[in-house]
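In order, the protein sequence lines correspond to chains A and B.
Take the first sequence: its position 32, counted from the start at 1, is 31 in numbering that gives the first Met the number 0, and no numbers get skipped.
Take the second sequence: its position 220, counted from the start at 1, is 219 in numbering that gives the first Met the number 0, and no numbers get skipped.
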Amino acid sequence: MNKGKHFYSHLVDTSTISLEIGNMELKKEERVHLLSLAESNIHHAIMDAILSELNEEDKKKFMEHLNIDNHDEIWKLLTGKIDNVEEKIKKAAEDLKKELHKDIKDL
Amino acid sequence: MPKTSSYEKLRDKWVKRHRTLSKRLLTRHKDSIEWLKTHSKQLAVGSAASAILLTSPVGSTLGPQQASSFQTTEQIGRETFLVSDLSKLVPQEVRELTPIEEEKLANALSRDFGVDVKVGINGIRLNRTYGMIGQEQHLARFPQDTMDTHFDNAKDAALYAREGMAPGLGAWRYFANSQAEMTEEDKLREKYYIAVPTFIAPGFNTHVAEYRDFFKYRKMILVNPDNGKAIIADIGDSGPAEWTGKHLGGSPEVMAYLERVDRTRVLYFFVDDKNNKIPLGPIKLVK
């Protein structure tokens, strides 16, 4: 069990989003809200990227491991079933981050 | 017109994107997510199986040690405040609550949901207010109501048909005399029904007729203390038997909304709705 971080945390650098939001004139709770929304968006993009690479049976296994936050089993499954899974997770996160950065820039 | 702040602009964009991504995820991986919803046990605060995929992961990993920029706190959700409040009032062990505990909870729920929540009304109450809920089946609403006639649309059928129809009728028999006579209220009464053991309510044996009339379609509020979700339900059936180890039962729609599976804990209190103004179905926290 690995409570406290996501199984992909070591692959996804979100500090640039944090910094940009940190530089905005916001109340503390507004900053917290935006950060959580950003994380949620990134999480969904990563989940979609992973699930799209798995067959139905493996999706179920993956979600079972995810449900109990078992990082070891998640990685065992993902590395065995998806080529370059780490790169795919990074790409999904980076693509989404680009969109989030653009949203901030467009304000 | 007030100027929209940077926060509001960004929030609206990101909430919209969040919805789009959630929808896409649900659409593309619907079967697996549905499977997980029905096969996994529920975890801690707000982390029903489906939520792991559909809400922010922050929501499923509460903890003060999470100090990274993106793991600040998810206590921004108002339901989470309720969960936090309830955790102080509801024991982890599923047991009968003391009168003081019940009163405190009734007051807290009244305040949080803006309805008059009560342990009992006119001296009538159930045997308990906190217990294990079981999964019930659909009830026939009128003679010849079957799973083919039961749902208004294909989406509801896809979501809720799995539990099937109970072989017997509810405690009050049919909800309507015929399909043609069935009202919207009748439909909602079946859709959001609960079964409670009216027969072991204190005083039932000496006031059978009075209690039966009191309990019939009586509105109650059910709250999942693990995620703060609440629903206004009505008593549509009597049960379950004590030997089942379950204290009440919920319709498929009630269970799905609360994100509860068989034998999981809920709070259930009466709602005093003298003028029948409070709608059956999900209820949100007051703003």
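A virtual CB, placed ideally from N, CA and C, is assigned to each residue, including glycine.
Helix or strand or just coil, what does DSSP make of residue i?
i                   : result
lysine 26(A)        : coil
valine 195(B)       : strand
histidine 246(B)    : coil
methionine 46(A)    : helix
methionine 164(B)   : strand
aspartate 302(B)    : A query on residue 302(B) cannot be resolved here, the shown segment of chain B reaching from 0 to 286 and no further.
glycine 329(B)      : As displayed, chain B neither begins before 0 nor continues past 286, which places residue 329(B) out of reach and without an answer.
asparagine 275(B)   : coil
proline 281(B)      : strand
histidine 137(B)    : strand
tyrosine 267(B)     : strand
isoleucine 99(B)    : helix
tyrosine 173(B)     : coil
alanine 229(B)      : strand
valine 11(A)        : coil
leucine 221(B)      : strand
methionine 131(B)   : strand
arginine 124(B)     : strand
valine 292(B)       : Outside the modelled stretch of chain B, which goes from 0 to 286, sits residue 292(B), for which no answer is possible.
tyrosine 216(B)     : coil
phenylalanine 61(A) : helix
asparagine 204(B)   : helix
isoleucine 67(A)    : coil
glycine 37(A)       : Here the sequence assigns alanine to residue 37(A), which means glycine is not the residue at that position. Looking at alanine 37(A) - three-state DSSP - the assignment turns out to be helix.
Whose Cβ in chain A lies nearer than 8 Å to the Cβ of residue i?
i              : result
arginine 27(B) : Asp47, Leu50 and Ser51
serine 5(B)    : Met23, Glu24, Leu25 and Leu106
lysine 8(B)    : Leu106
leucine 35(B)  : Lys59, Met62, Glu63 and Asn66
What in chain B is Cβ-close to residue i, meaning under 7 Å?
i                : result
glutamate 55(A)  : Asp30 and Ser31
asparagine 40(A) : Trp13, Arg16, His17 and Leu20
glutamate 29(A)  : Tyr6
alanine 44(A)    : Leu20
Report yes if the C-beta distance between residue i and residue j is below 8 Å; otherwise report no.
i                 : j                 : result
proline 239(B)    : proline 278(B)    : no
glutamate 55(A)   : serine 31(B)      : yes
isoleucine 193(B) : glycine 248(B)    : yes
lysine 245(B)     : methionine 131(B) : yes
leucine 284(B)    : valine 253(B)     : no
proline 251(B)    : tyrosine 159(B)   : yes
glutamate 29(A)   : tyrosine 6(B)     : yes
arginine 124(B)   : valine 118(B)     : yes
isoleucine 234(B) : isoleucine 282(B) : no
lysine 228(B)     : glutamate 258(B)  : yes
alanine 157(B)    : histidine 137(B)  : no
alanine 48(A)     : alanine 91(A)     : yes
valine 82(B)      : asparagine 226(B) : yes
leucine 10(A)     : lysine 89(A)      : yes
aspartate 84(B)   : alanine 107(B)    : yes
Expressed to the nearest angstrom, what Euclidean distance is found between the alpha-carbon atoms of residue i and residue j?
i                    : j                    : result
aspartate 107(A)     : leucine 187(B)       : This structure does not reach residue 107(A), given that chain A is present from 0 up to 106, and the question cannot be answered.
serine 39(A)         : valine 14(B)         : 10 Å
glutamate 95(B)      : threonine 128(B)     : 7 Å
arginine 262(B)      : phenylalanine 150(B) : 26 Å
glutamate 92(B)      : aspartate 71(A)      : 31 Å
glutamate 98(A)      : glycine 163(B)       : 45 Å
tryptophan 242(B)    : glutamine 134(B)     : 15 Å
serine 237(B)        : alanine 170(B)       : 6 Å
leucine 33(A)        : glutamate 33(B)      : 29 Å
glycine 79(A)        : serine 4(B)          : 47 Å
aspartate 94(A)      : serine 14(A)         : 15 Å
lysine 215(B)        : asparagine 176(B)    : 16 Å
leucine 106(A)       : lysine 8(B)          : 8 Å
lysine 29(B)         : leucine 35(B)        : 10 Å
asparagine 126(B)    : valine 265(B)        : 14 Å
leucine 168(B)       : tyrosine 7(A)        : 51 Å
phenylalanine 141(B) : threonine 148(B)     : 10 Å
methionine 181(B)    : tyrosine 191(B)      : 15 Å
isoleucine 81(A)     : arginine 16(B)       : 27 Å
alanine 153(B)       : glutamate 184(B)     : 21 Å
Starting from the beta carbon of residue i, find every residue of chain A whose beta carbon is closer than 9 Å, and list them in chain order.
i              : result
leucine 247(B) : Near leucine 247(B) there are no residues of chain A at all, since even the closest Cβ is about 26 Å away, more than 9 Å.
valine 14(B)   : Leu36
Please list, in chain order, the chain B residues whose beta carbon lies closer than 8 Å to that of residue i.
i                 : result
isoleucine 103(A) : Leu9
Going along chain A in order, which residues have a C-beta closer than 7 Å to the C-beta of residue i?
i              : result
arginine 23(B) : Asp47
On the three-pair Cβ rule with 8 Å, is the region 36–50 of chain A touching the region 7–20 of chain B? yes
Check whether the region 253–273 of chain B touches the region 106–123 of chain B, taking contact to mean three or more Cβ pairs, one atom from each stretch, closer than 8 Å. yes
Report yes or no: do the region 90–107 of chain B and the region 199–206 of chain B share at least 3 C-beta pairs separated by less than 8 Å? no
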